[in-house]
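A short worksheet on the structure shown next.
Have a look at this one:
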């Protein structure tokens with residue numbers, strides 16, 4: 001919500017493992033292109049941002065302020 005972007009959750013949520021498997025499969029010739037992989041990749045669910053822009057800006061400003069305080073503490 002804070003980013004104001006649509007998020008897509010794939011059926012396979014272990015994306016690191018899936019990516020490694022896809023690369024290995026391409027390496028041994030199981031798939032010849034990323035286009036072939038796109039055909040097997042499936043969306044489980046899509047999420048759309050619901051937060052209005054003013055609320056988003058306020059939350060991001062609060063996050064940035066908290067981050068700055070943390071960085072000052074660490075320095």
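In my numbering, the protein residues as written are 1 to 75.
All C-beta atoms, glycine included, are put in the ideal place defined by N, C-alpha and C.
Start and end residues, alpha helix (DSSP H) containing residue i
i	result
residue 46	Per DSSP, residue 46 belongs to no alpha helix (DSSP H); it is in the beta strand (DSSP E), 43 to 47.
residue 64	53 to 74
residue 23	15 to 27
Host beta strand (DSSP E) of residue i (start-end)
i	result
residue 8	7 to 10
Close Cβ partners of residue i (< 8 Å) along its chain, the five nearest in sequence each way excluded
i	result
residue 44	9, 10, 11, 13
residue 59	2, 51
Local conformation of residue i per DSSP, three classes
i	result
residue 36	helix
Which listed residue (the options) has its alpha carbon closest to that of residue i
i	options	result
residue 41	65, 69, 18	18
residue 39	70, 22, 5, 62	22
Cβ-Cβ separation, residue j to residue i (assumed contact under 8 Å), whole Å
i	j	result
residue 47	residue 7	4 Å
residue 49	residue 5	6 Å
Cβ-based neighbour list, residue i, same chain, cut-off 7 Å, excluding 5 preceding and 5 following
i	result
residue 56	2, 4
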